[in-house]
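J.: Taking the UniProt record's numbering, the leading residue of the sequence shown gets 1, the next gets one more, and so forth.
Provided herewith is a single structure, encoded as structure tokens, for subsequent inquiry.
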Amino acid sequence: MKEMRLALWSDVERLKGIWKLCFGDTDSFIDFYFTQRFQPEQVAVYLVDHVITAMLTMIPVQWLEGHEGQKRIQGSMLYAIGTHPDFQHRGIATELMEWALAYLGKREMELCVLVPAEAKLFNFYERRGYQVGFVLREAVLNRNEIEAMCESSGINMKETSGSEVLVATPQAYNSIRNQLLRGTTYLAYREEEIAYQKKISRLSGADLYELDMGEVQGCAAVERLTGDKVLVKEYLVPEEFFSHGLKALAYTLQAQELIIRTPAHGGQVIGGQVRSFGMLKRTSSRELGPVHYKDEIFEERAYLGLAFD
1 MKEMRLALWS
11 DVERLKGIWK
21 LCFGDTDSFI
31 DFYFTQRFQP
41 EQVAVYLVDH
51 VITAMLTMIP
61 VQWLEGHEGQ
71 KRIQGSMLYA
81 IGTHPDFQHR
91 GIATELMEWA
101 LAYLGKREME
111 LCVLVPAEAK
121 LFNFYERRGY
131 QVGFVLREAV
141 LNRNEIEAMC
151 ESSGINMKET
161 SGSEVLVATP
171 QAYNSIRNQL
181 LRGTTYLAYR
191 EEEIAYQKKI
201 SRLSGADLYE
211 LDMGEVQGCA
221 AVERLTGDKV
231 LVKEYLVPEE
241 FFSHGLKALA
251 YTLQAQELII
261 RTPAHGGQVI
271 GGQVRSFGML
281 KRTSSRELGP
291 VHYKDEIFEE
301 RAYLGLAFD
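This is the structure:
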């Protein structure tokens, strides 16, 4: 007998076991996640003969489009989709995702978003009705390359107030983020999602940062991978100060190598590659008309920065 439902607090130990088997995280991180982020009403579970065999999390997000965010679509990001190894290859995860899609649609959530963990999974999810909806620019730079970009930028920061890197609160970070992305098409987050990213960043030995360059502001969400290597999961800075902000960030973090993610339309100075990052699927036709396999409403590639990947 199978059953799909929302999680209960009493399910936590079983869910921790599935998480460890599927994602291979340490016990300390799993405990951290279930203490800091787990909300049973946002988790769907699949039971076989009263035993939980699969799980997924539904994180609230909002699609914003237009200069004043004229188009606002409520949605959810599917995260931590996992099936116990003893029950894999039976289509259980696909069934649970479809259940979640219907559940979200009934609650006026028009959009379902996910970030494939591997490139090969884009085809897997496309066969299940998802389409690429989000792209970003990603580059790997060392400190010397960033220094060279600053020298060729034509901006002498010594003649301005320079760049200052400050630890940001979730509220300040989200405010700067929304200001810098205004007028583009992107996913917006609630402050509690930004607060969770801050906890992840701090757990790694980094943080959320505010970049202060006189009258110009930027922001960066960073996780430390090794002692001198960091992942800048989101880097938002006006184009003319792009390289100088990176330099200040690298020195503050004492990082020799940076993996940088930024919106595809910006950051040309760092090169790198523009790649598919996230996928989407409509949950219902309530507001936006009939659902099509290739949904023209979402033809424009949007920006999704924080995937909690």
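Note that beta-carbon positions come from the ideal geometry of N, C-alpha and C, so glycine has one too.
Whose CA, out of A248, A93, Q256, lies closest to the CA of G227?
T.: Nearest option by C-alpha distance: Q256.
J.: Please name the residue, chosen from Y186, M1, H84, that lies closest to T53 on a Cα-to-Cα basis.
T.: If we check each option's Cα against that of T53, H84 comes out closest.
J.: Suppose the cutoff is 7 angstroms on Cβ atoms and the five residues either side in sequence are ignored; what does the same chain contact list for L96 look like?
T.: Excluding residues within five positions, the ones whose Cβ falls inside 7 angstroms are M4, A44, Y46, A54, L56.
J.: Can you give me the start and stop residues for the alpha helix (DSSP H) that D212 sits inside?
T.: Taken as a continuous stretch (DSSP letters only), D212 belongs to no alpha helix (DSSP H), being part of the beta strand (DSSP E) at 208-213.
J.: Report the partner residues of N142 according to the DSSP bridge assignment.
T.: According to DSSP, which records beta bridges pairwise, N142 is partnered with E257.
J.: Can you tell me whether DSSP reads Y125 as helix, strand or coil?
T.: Helix, per DSSP.
J.: Between the alpha carbons of K247 and D49, how many angstroms are there, rounded?
T.: If you take the alpha carbons of K247 and D49, they lie about 56 angstroms apart.
J.: Out of W9, K229, K233, which has the shortest C-alpha to C-alpha gap to T262?
T.: Comparing Cα-Cα distances from T262 to each of W9, K229, K233, the minimum goes to K233.
J.: Which residues does DSSP pair with C112 in a beta bridge?
T.: Partner(s): S76, K281.
J.: Suppose the cutoff is 8 angstroms on Cβ atoms and the five residues either side in sequence are ignored; what does the same chain contact list for L101 look like?
T.: For L101, where only same-chain residues beyond five positions count, the Cβ hits under 8 angstroms are C112, K281, T283.
J.: In chain order, what residues of the same chain have a beta carbon less than 6 angstroms from the beta carbon of A7, not counting five sequence neighbours either side?
T.: Cβ within range, chain order: P40, V43, V45.
J.: From the DSSP secondary-structure annotation, give me the bridge partner or partners of P60.
T.: DSSP lists S76 as partners of P60.
J.: Cβ of A264 within 8 angstroms of Cβ of L180?
T.: No; because the gap between Cβ atoms is not below 8 angstroms, this pair is not in contact.
J.: What would DSSP say about K120, mapped onto helix, strand or coil?
T.: DSSP places K120 in coil when its eight states are reduced to three.
J.: Using only alpha-carbon positions, find the residue among Q70, N144, L78, T35 that is nearest to Q254.
T.: Nearest option by C-alpha distance: N144.
J.: For chain C, check one thing: does any of its Cβ atoms lie closer than 8 angstroms to the Cβ of Q179?
T.: Absence of chain C from the displayed structure is noted, only one protein chain being present.
J.: Indicate the three-state DSSP secondary structure (helix, strand or coil) for R202 in the structure shown.
T.: Looking at R202 - three-state DSSP - the assignment turns out to be helix.
J.: Going by the beta-carbon positions, is the gap between V222 and V216 smaller than 8 angstroms?
T.: Their beta carbons are not under 8 angstroms apart, which means V222 does not touch V216 by this criterion.
J.: Near T94, which residues of its chain fall below 8 angstroms by C-beta distance, leaving aside the five closest residues on each side in sequence?
T.: Contacts found: R128.
J.: What is the rounded straight-line gap between the Cα of G82 and the Cα of A117?
T.: Each residue's Cα considered, the two are about 12 angstroms apart.
J.: Looking only at its chain, what residues have a beta carbon closer than 7 angstroms to the beta carbon of V269, apart from the 5 residues adjacent to it on each side?
T.: M149, F242, S243, listed in sequence order.
J.: I need the straight-line Cα distance from E65 to T184, nearest angstrom please.
T.: For E65 and T184, the distance between alpha carbons rounds to 6 angstroms.
J.: So the candidates are T252, L78, W63, V12; which of them puts its Cα closest to the Cα of R224?
T.: It is T252 whose Cα lies nearest to the Cα of R224.
J.: Let's test the definition: count the other Cβ atoms within 10 Å of the Cβ of R90 and tell me whether it reaches 16, buried, or not, exposed.
T.: Result: exposed.
J.: For a quick check, are the C-beta atoms of R37 and Y196 less than 8 angstroms apart?
T.: Yes, these two residues count as a Cβ contact at 8 angstroms.
J.: Could you please give the first and the last residue of the uninterrupted alpha helix (DSSP H) stretch that includes L21?
T.: Where L21 is concerned, the enclosing alpha helix (DSSP H) stretches over 12-23.
J.: According to DSSP, is V237 helix, strand or coil?
T.: Coil.
J.: If you drop the 5 nearest sequence neighbours on each side, which residues of the same chain put their C-beta closer than 7 angstroms to that of I92?
T.: Within the same chain, I92 has close Cβ partners Y46, T53, A54, T83.
J.: Could you check how far apart the C-beta atoms of L258 and L211 are, in whole angstroms? I think they sit under 8 angstroms.
T.: Contact doesn't hold; Cβ gap of about 14 angstroms is too wide.
J.: In terms of DSSP beta bridges, what is S276 paired with?
T.: According to DSSP, which records beta bridges pairwise, S276 is partnered with V135.
J.: Between residue 326 and the rest of its own chain, which residues show a CB-CB distance below 8 angstroms, the 5 nearest in sequence each way excluded?
T.: Summary: the structure shown does not reach residue 326, with the chain confined to residues 1 through 309, and so no result is reported for it.
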